[in-house]
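To start, the structure under review is shown below, and the notes come after it.
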Amino acid sequence: MQNTPKTPTFNQITGAIRALAMDAVQKANSGHPGMPMGMAEIAEVVWRHTMRHNPANPRWVNRDRFVLSNGHGSMLHYALLHLTGYDLPIDELKNFRQLGSKTPGHPEVHYTPGIETTTGPLGQGLANAVGFALAEKLLAAHFNRPGHDIVDHNTYVFLGDGCLMEGISHEVASLAGTWQLGGLVAYYDDNGISIDGEVHGWFTDDTVKRFEAYGWQVIGPIDGHDSVALVAATLAAKADKTRPTLVICKTVIGHGAPNKAGSADAHGAPLGATEIEGARAAIAWPHAPFEIPAEVYAQWDAKAAGAAAEGEWNTHFAAYKAAFPELAAEFARRMTGELPKGFTAAVNALIDKTQTKAENIATRKASQNTIEALAPFLPELLGGSADLAGSNLTHWSGTQDFLPGSEIGDIANANYINYGVREFAEVAIANGISLHGGYIPYTATFLVFSDYCRSAIRMAALMKLRQVMVFTHDSIGVGEDGPTHQPVEHTASLRLIPNLNVWRPADTTETAVAWAHGLERHDGPTVLALTRQNLPFTPRTAEQVAAIRQGGYILSPASGNEKAVLIATGSEVGVALAAQKQLAEQGIGVRVVSMPCTRLFDQQDAAYKAFVLGSGLPRVAIEAGVSDGWYKYVGLEGAVIGLDRFGESGPGGALFKHFGFTPEKVAETVAQLVALS
219 MQNTPKTPTF NQITGAIRAL AMDAVQKANS GHPGMPMGMA EIAEVVWRHT MRHNPANPRW
279 VNRDRFVLSN GHGSMLHYAL LHLTGYDLPI DELKNFRQLG SKTPGHPEVH YTPGIETTTG
339 PLGQGLANAV GFALAEKLLA AHFNRPGHDI VDHNTYVFLG DGCLMEGISH EVASLAGTWQ
399 LGGLVAYYDD NGISIDGEVH GWFTDDTVKR FEAYGWQVIG PIDGHDSVAL VAATLAAKAD
459 KTRPTLVICK TVIGHGAPNK AGSADAHGAP LGATEIEGAR AAIAWPHAPF EIPAEVYAQW
519 DAKAAGAAAE GEWNTHFAAY KAAFPELAAE FARRMTGELP KGFTAAVNAL IDKTQTKAEN
579 IATRKASQNT IEALAPFLPE LLGGSADLAG SNLTHWSGTQ DFLPGSEIGD IANANYINYG
639 VREFAEVAIA NGISLHGGYI PYTATFLVFS DYCRSAIRMA ALMKLRQVMV FTHDSIGVGE
699 DGPTHQPVEH TASLRLIPNL NVWRPADTTE TAVAWAHGLE RHDGPTVLAL TRQNLPFTPR
759 TAEQVAAIRQ GGYILSPASG NEKAVLIATG SEVGVALAAQ KQLAEQGIGV RVVSMPCTRL
819 FDQQDAAYKA FVLGSGLPRV AIEAGVSDGW YKYVGLEGAV IGLDRFGESG PGGALFKHFG
879 FTPEKVAETV AQLVALS
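The sequence shown stops at residue 895 when you use the working numbering, and every number in between is there.
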């Protein structure tokens, strides 16, 4: 007679999470077991009873999104992915935090199946989740039709005390309430413990009042280990379609550990063999490390339910496609990230126009002209600025502000986000928008304030996200606002971030190419460092226009006997060209190299770089910023005309003269270098 498998108890179902977390951390001898053990019941309610997802197709477009903002507790996420049937076998959990495994120390998108975003820097996961929920709301408003809700999913985010202490949580939670993101549900693991111990000594915010003031629905505090209360809270959260919800869950960190539960000892270190043995007894888990009974797997397995949910959606989408074929095709295109037909032609027409029109304008204005020209061909372009649209010039004639709750807000056709003075939030939210799909976000502020959002910029580069960041007022050319607003080190500093393309274009043509390259790029973000002041236009051959995409190229060959090479970016290209003329009058021939994107130039082969920079000739680099990064191009025997100090308050033109960014100073430096060579 065949034995019928026993139905596991609820404690066994949640015990699987706790056991996998403490076993994996113990085997790795590093990690954070406390949070996974403390949030097991919350995770069970969300992942077994609430979320719509398909383990066999982690990229199903209408899946619910899940974000682990307190990403140090990554074993919670890996346990859930493994148990519910994603392509994450038990051997990967055994290799937790090991080189080459699919279970790194913090969750990483595009690396582990089912991970929606890379988290770890606290608070940014919540920001990404706001971006997910915003994208869902905008897509639903644009594409859904009566009886055809093809965009209809929720975003669930787990977060802890650290996330709420980080300043970015204030920025993004404020916006989420203003934007009425009813599809966003956050579960706050209120265990009162951080690395340094009990948080009541440094975290005394009234979280309920705080989030109510933002316009959120706040539920709790409730017992985070009470599944009945958690289910009720989740149902109430999903019922509110106009407010995001914060569910405050009182939990015990390391729940089940007999001696370390409720203390900082359970936060960020293995429990130890003795404590784990005691925990196994406390949670009635008699199984060996990494052993999960078949009946427990069966309770967690989400493959059948996921396939059914996706199948039902596919049926709905087929009906939608039959009723609205053009909308369906557009939705499918946007969710794959493919650029629309006609985009390349629009780019080419724009570049041709810049060459014909030959305008002497600021590159921030050239950027606005580019948006104006390309946005009509790119409906997925979703702009925004941190309260500086009038200075960043990020509006265009077709701008439709996203203003929910306002009579002037056309949500269905919204393409512009007013982020307010929230630089960190705008980039981190845009990261979530990019990850969600359906939009290509661009954000904007002054270059000097890129410091405020640097961590989100770094995360965009780490995650290889498609996003364009418009940073205007790129140098001492800012002028009278003085050194607080004059970026000196920022362009060089941003160039240090791997996978981030930093463009500092010299005129309208380079600006158009930089924008096009950023929009076309699928493997990382793009920064545009743009001027406040007008810059002279430089005519180019077709070959030179094409070479802009290589990051650096010969803009003006030497006339006569070549003696040196000038390398410049942005506003200093015009200075280099003027110096070239003065030097020619002295019988010193120099070539001028424009290098708008050093990273792309560095990726070229040796032959091309040698062709552009020449060999055996002295080189001088010119940029109104710190000089260190340029010595790899000019060598120790070359010269850099830079600015290794903070600026001053005064008219921009006067400052360029004061600090030596003049044709005369450049010509003098080159002549001296040639004389010594």
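Just so you know, even glycine gets a beta-carbon here, dropped at the ideal spot from N, CA and C.
For residue i, count neighbouring C-beta atoms within 10 Å of its own C-beta (all shown protein chains included) and say buried if the count is 16 or more, exposed if not.
{"i": "P254", "result": "buried"}
{"i": "A546", "result": "buried"}
{"i": "A502", "result": "exposed"}
{"i": "I228", "result": "Strictly speaking, residue 228 in this sequence is Phe, with Ile absent from that position. The residue is exposed, with fewer than 16 neighbouring Cβ atoms inside 10 Å."}
{"i": "W531", "result": "buried"}
{"i": "P757", "result": "exposed"}
{"i": "I308", "result": "exposed"}
{"i": "G256", "result": "buried"}
{"i": "I466", "result": "buried"}
{"i": "V390", "result": "buried"}
{"i": "Y405", "result": "buried"}
{"i": "T759", "result": "exposed"}
{"i": "T222", "result": "In this predicted model, T222 has a pLDDT of only 49, less than 50, meaning its place in the structure is not dependable enough to derive any value."}
I need the straight-line Cα distance from residue i to residue j, nearest angstrom please.
{"i": "P331", "j": "S652", "result": "18 Å"}
{"i": "A411", "j": "D725", "result": "Sequence inspection shows Ile at residue 411; the Ala mentioned does not correspond to that position. Cα to Cα, I411 sits roughly 53 Å from D725."}
{"i": "G623", "j": "A523", "result": "36 Å"}
{"i": "S774", "j": "P659", "result": "35 Å"}
{"i": "M219", "j": "K320", "result": "Because the pLDDT of M219 is 37, which lies under 50, any placement of that residue in the model is unreliable, and the number read from its coordinates should be weighed accordingly. Taking the straight line from one Cα to the other gives about 41 Å."}
{"i": "A447", "j": "N610", "result": "48 Å"}
{"i": "W848", "j": "V791", "result": "15 Å"}
{"i": "T452", "j": "H371", "result": "14 Å"}
{"i": "K799", "j": "G770", "result": "21 Å"}
{"i": "A889", "j": "V783", "result": "12 Å"}
{"i": "A274", "j": "I333", "result": "13 Å"}
{"i": "K355", "j": "A345", "result": "15 Å"}
{"i": "M553", "j": "T335", "result": "17 Å"}
{"i": "I437", "j": "V327", "result": "30 Å"}
{"i": "Q804", "j": "A576", "result": "29 Å"}
{"i": "R676", "j": "V666", "result": "16 Å"}
Quick one, which of the options has its alpha-carbon nearest residue i's?
{"i": "N636", "options": "R270, S392 and L311", "result": "S392"}
{"i": "I231", "options": "A242, R277, T816 and L301", "result": "L301"}
{"i": "A584", "options": "A747, D458, S711 and A630", "result": "A747"}
{"i": "G742", "options": "M687, S615 and G415", "result": "M687"}
{"i": "I772", "options": "A796, V830, N719 and R461", "result": "V830"}
{"i": "H703", "options": "R551, E866 and T533", "result": "E866"}
{"i": "T749", "options": "G233, G697 and P757", "result": "G697"}
{"i": "T709", "options": "P701, N717, P716 and R722", "result": "R722"}
{"i": "V810", "options": "S603, V884 and N275", "result": "V884"}
{"i": "S673", "options": "A646, S615 and M383", "result": "A646"}
{"i": "I569", "options": "E389, A527, I766 and E886", "result": "I766"}
{"i": "G303", "options": "A828, T225 and Q517", "result": "Q517"}
{"i": "R498", "options": "N477, A872 and T463", "result": "N477"}
{"i": "A802", "options": "P881, G289 and N752", "result": "P881"}
{"i": "D699", "options": "Y515, G656, T533 and F864", "result": "F864"}
{"i": "V858", "options": "Y851, A839, P869 and I386", "result": "A839"}
{"i": "F561", "options": "A347, A297, A786 and A730", "result": "A730"}
{"i": "N719", "options": "S789, W733, T727 and T572", "result": "W733"}
Is residue i helix, strand or coil when you go by DSSP?
{"i": "T225", "result": "coil"}
{"i": "T268", "result": "coil"}
{"i": "Q704", "result": "coil"}
{"i": "I471", "result": "coil"}
{"i": "Q398", "result": "coil"}
{"i": "K355", "result": "helix"}
{"i": "G323", "result": "coil"}
{"i": "D424", "result": "coil"}
{"i": "L854", "result": "coil"}
{"i": "S248", "result": "coil"}
{"i": "H328", "result": "coil"}
{"i": "F561", "result": "helix"}
{"i": "S387", "result": "helix"}
{"i": "A546", "result": "helix"}
{"i": "N633", "result": "coil"}
{"i": "Q230", "result": "helix"}
{"i": "A899", "result": "Residue 899 is absent from the model: the chain starts at 219 and stops at 895."}
{"i": "Q751", "result": "coil"}
{"i": "Y432", "result": "helix"}
Query - 4 or more residues per run - each alpha helix (DSSP H) lying fully within the stretch 642 to 726 - result: The DSSP assignment places complete alpha helix (DSSP H) segments of no fewer than 4 residues inside the stretch 642 to 726 at 672 to 680 and 708 to 713, in order along the chain.
Query - Residue ranges of each alpha helix (DSSP H) within the stretch 593 to 620, 4 or longer - result: The qualifying runs are 607 to 610.
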